[in-house]
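*Asks:*
In the numbering used here, the protein residues as written are 216 to 873.
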């Protein structure tokens with residue numbers, strides 16, 4: 216019995232132990248389950264609560280974006296160069312989140328908004344005051360692409376961004392911040408009520424140095440030619456005009472049409488721009504690299520003087536052709552007209568652009584010293600202007616030729632280098648920068664288009680000038696040659712009559728003569744490409760010049776009310792063509808009196824101007840000359856500034872020009 220009782224007791228203990236263990240396991244499992252539930256609740260409510268609330272609100276709320284006003288570009292007078300216009304749409308169902316919409320005119324939009332403002336929405340497009348002459352500077356805007364959206368998550372599907380020029384470079388500055396309206400919606404996507412409104416922030420405007428009137432005159436002066444014109448403030452490097460032709464209409468690229476047929480026509484025009492054989496979007500002023508020809512003789516002259524290879528009295532005998540062994544190097548005067556200059560010194564060699572003199576000057580100093588001074592003037596490097604894509608060009612020397620071409624340097628290479636030919640390649644902007652340094656007594660300034668950005672403030676621009684350390688005596692000697700080039704006996708015949716009238720007998724300083732109104736210049740006719748069937752190469756025309764502007768502020772009598780000029784009006788409505796903001800006159804499509812009023816209201820204008828002209832050759836006219844093709848373009852711009860009646864100038868029969 217005792218054994219039985221002990222057995223039952225032991226058995227009971229075992230069952231109790233097993234029950235306790237099972238209960239412990241059950242409690243542990245329950246605790247674990249509750250812990251997991253608590254953790255999940257904490258995760259859902261604390262860690263992911265905001266995300267789920269956002270998802271819930273996304274299902275409950277709808278945000279409508281309000282386009283931000285894009286900042287504008289202003290010109291040197293403070294007037295806008297571009298306008299924002301609204302592209303209106305009527306909504307088929309203004310109470311629906313995603314409603315079909317139809318493009319309408321501004322007039323229709325105003326009528327609809329008078330009774331139901333919510334039934335109309337809009338986007339913003341750009342229109343340009345001078346849509347062709349400033350196109351390569353300002354660029355244009357366009358709808359975002361899939362690539363744009365992938366690269367910038369802040370962009371919306373209907374946004375427009377800068378696609379070229381300053382519009383692209385300053386896109387973030389100009390964009391502003393879109394506003395928004397938030398609505399509560401139901402499960403069917405119907406708007407229930409307006410929850411909140413957040414106004415947008417307009418983009419910042421960008422102040423440029425551009426004179427659009429002068430740019431339009433330059434564009435018109437090029438006529439049917441293709442090429443480039445760069446006009447600089449000779450004291451600061453500010454770019455008043457940077458024109459490339461042929462061009463495109465920036466408004467056509469940026470602004471759509473209401474009527475379906477008109478929009479189809481616009482799109483076809485855009486397609487024609489893109490496929491045009493003359494490369495309309497190519498900015499010849501900064502992206503075109505050309506042999507400079509004789510305008511480079513300014514550098515050759517200074518390099519020869521600075522290296523003491525030549526002096527003011529060094530003479531070279533021009534017999535038409537320079538013979539070196541089996542090779543011969545001719546002067547343009549002899550090649551074209553069979554004439555020679557005889558013994559010639561530097562000043563007259565510059566005025567007559569004598570090749571023989573500069574062959575020998577380059578030989579005596581050597582290519583290395585010539586290349587060094589060329590680089591001091593900014594050749595072979597980008598200027599840093601606020602545009603892309605700018606090219607650096609090429610300044611060759613013996614080391615460059617061996618590295619790039621794999622050949623050693625020959626004397627013939629030096630001769631070609633000395634007259635701006637061979638492997639030397641420059642941009643029109645670089646030639647303008649060189650001329651600006653001459654205008655500022657050997658101080659080179661970085662060309663710039665923008666004034667009011669932190670990195671490009673007016674004060675900073677003043678510091679972007681550097682003295683080249685060239686002897687003032689040498690600068691004046693070269694400047695005398697440039698004055699003579701635009702005077703009777705030189706090569707720049709369009710300015711002969713002007714300089715004949717204003718130049719004085721006082722030979723104390725060429726800069727004083729320029730201050731008194733004389734024009735200094737250098738012509739260039741640059742060969743390129745292969746020899747044709749007649750044994751000639753095609754040529755581009757160069758003409759670079761500098762002069763002091765007249766007293767434009769005192770040109771009108773006092774008390775004419777010019778200080779109270781109205782600002783340029785902003786166009787009303789996107790369905791109309793951009794307002795004609797400049798009238799026609801003898802200068803082309805610009806009225807000088809309107810420009811003069813702007814100058815008067817501003818109260819100042821650059822005192823020294825640099826005008827650089829490049830006229831490219833083409834199949835119809837393969838031989839362009841600096842004097843006869845580039846000079847008249849510069850003279851037409853000069854006449855506009857001075858208020859002269861523009862006339863066609865023919866070279867006098869006794870003057871044979873390069």
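C-beta atoms are modelled at their ideal positions from N, C-alpha and C, and glycine is treated no differently.
Should the region 320 to 338 be called in touch with the region 434 to 442, which here means at least 3 C-beta pairs below 8 angstroms?
*Replies:* They do not touch, by the three-pair rule.
*Asks:* Grab me the residues of residue 378's own chain with a C-beta within less than 8 angstroms of its C-beta, minus the 5 sequence neighbours each way, in chain order.
*Replies:* Closer than 8 angstroms at Cβ, skipping near neighbours: 354, 355, 356, 357, 468.
*Asks:* Report yes if the CB atom of residue 312 is closer than 9 angstroms to the CB atom of residue 400, and no otherwise.
*Replies:* Yes, they are a contact pair.
*Asks:* Taking only three categories from DSSP, how would you classify residue 165?
*Replies:* Given that the chain is displayed from residue 216 to residue 873, the structure contains no residue 165 and the question cannot be resolved.
*Asks:* By the three-class DSSP mapping on this structure, what secondary structure does residue 243 have?
*Replies:* In the structure shown, residue 243 sits in a helix (DSSP, three-state: H, G or I).
*Asks:* Where do the N-terminal and C-terminal ends of the beta strand (DSSP E) with residue 478 fall, by residue?
*Replies:* Unbroken run through residue 478 is the alpha helix (DSSP H), 475 to 490; no beta strand (DSSP E).
*Asks:* To test your reading of the DSSP string, which unbroken beta strand (DSSP E) runs of 3 or more residues are found completely within the region 693 to 751?
*Replies:* Segments of the beta strand (DSSP E) lying fully in the region 693 to 751: 735 to 743.
*Asks:* For residue 605, which option in 504, 541, 850 has the closest C-alpha, if you only look at C-alpha atoms?
*Replies:* Measuring from the Cα of residue 605, the nearest candidate turns out to be 504.
*Asks:* Near residue 580, what residues of its chain come up, given a Cβ to Cβ distance below 7 angstroms and the 5 sequence neighbours on each side ignored?
*Replies:* So the qualifying residues of the chain are 518, 519, 522, 524.
*Asks:* Extract the residue ranges of the beta strand (DSSP E) inside the region 353 to 394, only unbroken runs of 3 or more that lie entirely within it.
*Replies:* The region 353 to 394 contains these whole beta strand (DSSP E) runs: 356 to 358, 375 to 377.
*Asks:* Can you look up residue 859 in the DSSP assignment and give me helix, strand or coil?
*Replies:* Three-state DSSP puts residue 859 in coil, outside helix and strand.
*Asks:* For residue 674, count neighbouring C-beta atoms within 10 Å of its own C-beta (all shown protein chains included) and say buried if the count is 16 or more, exposed if not.
*Replies:* Residue placement at residue 674 is flagged as unreliable, the pLDDT there being 41, under the threshold of 50; the coordinate-derived value follows with that caveat. Exposed, by the Cβ-count rule.
*Asks:* When the distance is taken between beta carbons, is residue 594 closer than 9 angstroms to residue 683?
*Replies:* No.
*Asks:* If I measure Cβ to Cβ from residue 788 and keep anything under 6 angstroms in the same chain, skipping five residues before and after, which residues do I get?
*Replies:* Reliability of the predicted coordinates at residue 788 is poor, the pLDDT of 46 falling under 50, and the value obtained from them is presented with this limitation in mind. For residue 788, where only same-chain residues beyond five positions count, the Cβ hits under 6 angstroms are 321.
*Asks:* Between residue 442 and residue 841, what straight-line distance do the alpha-carbon atoms span, to the nearest angstrom?
*Replies:* Cα to Cα, the separation comes out at about 12 angstroms.
*Asks:* Tell me whether residue 794 sits in a helix, a strand or coil according to DSSP, three-state version.
*Replies:* Here residue 794 scores only 39 on pLDDT, less than 50, and its place in the model is too uncertain to base an answer on.
*Asks:* Give the secondary structure of residue 831 by DSSP, where H, G and I count as helix, E and B as strand, and everything else as coil.
*Replies:* Coil, per DSSP.
*Asks:* Would you report the Cα separation of residue 855 and residue 826, rounded to the nearest angstrom?
*Replies:* Each residue's Cα considered, the two are about 13 angstroms apart.
*Asks:* Per DSSP, what are the beta-bridge partners of residue 493 in this structure?
*Replies:* According to DSSP, residue 493 bridges with nothing at all.
*Asks:* Is it true that the CB of residue 830 sits closer than 9 angstroms to the CB of residue 755?
*Replies:* Yes, the Cβ-Cβ distance between residue 755 and residue 830 is below 9 angstroms.
*Asks:* Which class does residue 524 belong to by DSSP, given the choice of helix, strand or coil?
*Replies:* Of the three classes helix, strand and coil, the one that applies to residue 524 here is coil, per DSSP.
*Asks:* Please report how far the alpha carbon of residue 557 lies from the alpha carbon of residue 582, in whole angstroms.
*Replies:* Looking at the two C-alpha atoms, the distance is approximately 26 angstroms.
*Asks:* Return the chain-ordered list of same chain residues with a C-beta closer than 6 angstroms to the C-beta of residue 814, the five sequence neighbours on each side being excluded.
*Replies:* Same-chain partners within the cutoff: 767, 820.
*Asks:* Taking the C-alpha atoms as reference points, what is the distance between residue 773 and residue 428?
*Replies:* Note that residue 773 has pLDDT 45, beneath the 50 cutoff, so the model's placement of it is unreliable and the number below is only indicative. If I take the Cα positions, the gap works out to 23 angstroms.
*Asks:* Hey, is the region 616 to 624 in contact with the region 566 to 574, meaning 3+ C-beta pairs nearer than 8 angstroms?
*Replies:* Touching, no, given that fewer than three Cβ pairs across the two stretches are closer than 8 angstroms.
*Asks:* Using three-state DSSP, classify residue 453 as helix, strand or coil.
*Replies:* DSSP places residue 453 in strand when its eight states are reduced to three.
*Asks:* Would you check if there are 3 or more beta carbon pairs closer than 8 angstroms linking the region 328 to 345 to the region 291 to 299?
*Replies:* Taking 8 angstroms as the limit for Cβ pairs, the verdict is that the region 291 to 299 does touch the region 328 to 345.
*Asks:* Starting from residue 815, trace the beta strand (DSSP E) both ways and give me its first and last residue.
*Replies:* Per DSSP, residue 815 belongs to no beta strand (DSSP E); it is in the alpha helix (DSSP H), 807 to 817.
*Asks:* I need the boundaries of the beta strand (DSSP E) containing residue 443, first residue and last residue.
*Replies:* Residues 442 to 448.
*Asks:* Please state whether DSSP places residue 757 in a helix, a strand or coil.
*Replies:* Strand.
*Asks:* Using the three-state DSSP reduction, which class does residue 554 fall into: helix, strand or coil?
*Replies:* Residue state, collapsed to three classes: coil.
*Asks:* Excluding sequence positions up to five away, which residues of its chain have a Cβ less than 6 angstroms from the Cβ of residue 512?
*Replies:* Cβ within range, chain order: 573.
*Asks:* When the Cα atoms are used, what is the spatial distance from residue 837 to residue 440?
*Replies:* So the alpha carbons of these two residues sit roughly 12 angstroms apart.
*Asks:* Do residue 555 and residue 737 have their C-beta atoms within less than 9 angstroms of each other?
*Replies:* Not a contact, by the Cβ cut-off of 9 angstroms.
*Asks:* Take every Cβ of the region 647 to 661, pair it with every Cβ of the region 448 to 457, and state whether three or more of those distances are shorter than 8 angstroms.
*Replies:* The answer is yes - the region 448 to 457 touches the region 647 to 661, with three or more Cβ pairs under 8 angstroms.
*Asks:* Name the two residues that bound the continuous alpha helix (DSSP H) containing residue 632.
*Replies:* Looking at the DSSP string, the run of the alpha helix (DSSP H) that includes residue 632 is 626 to 633.
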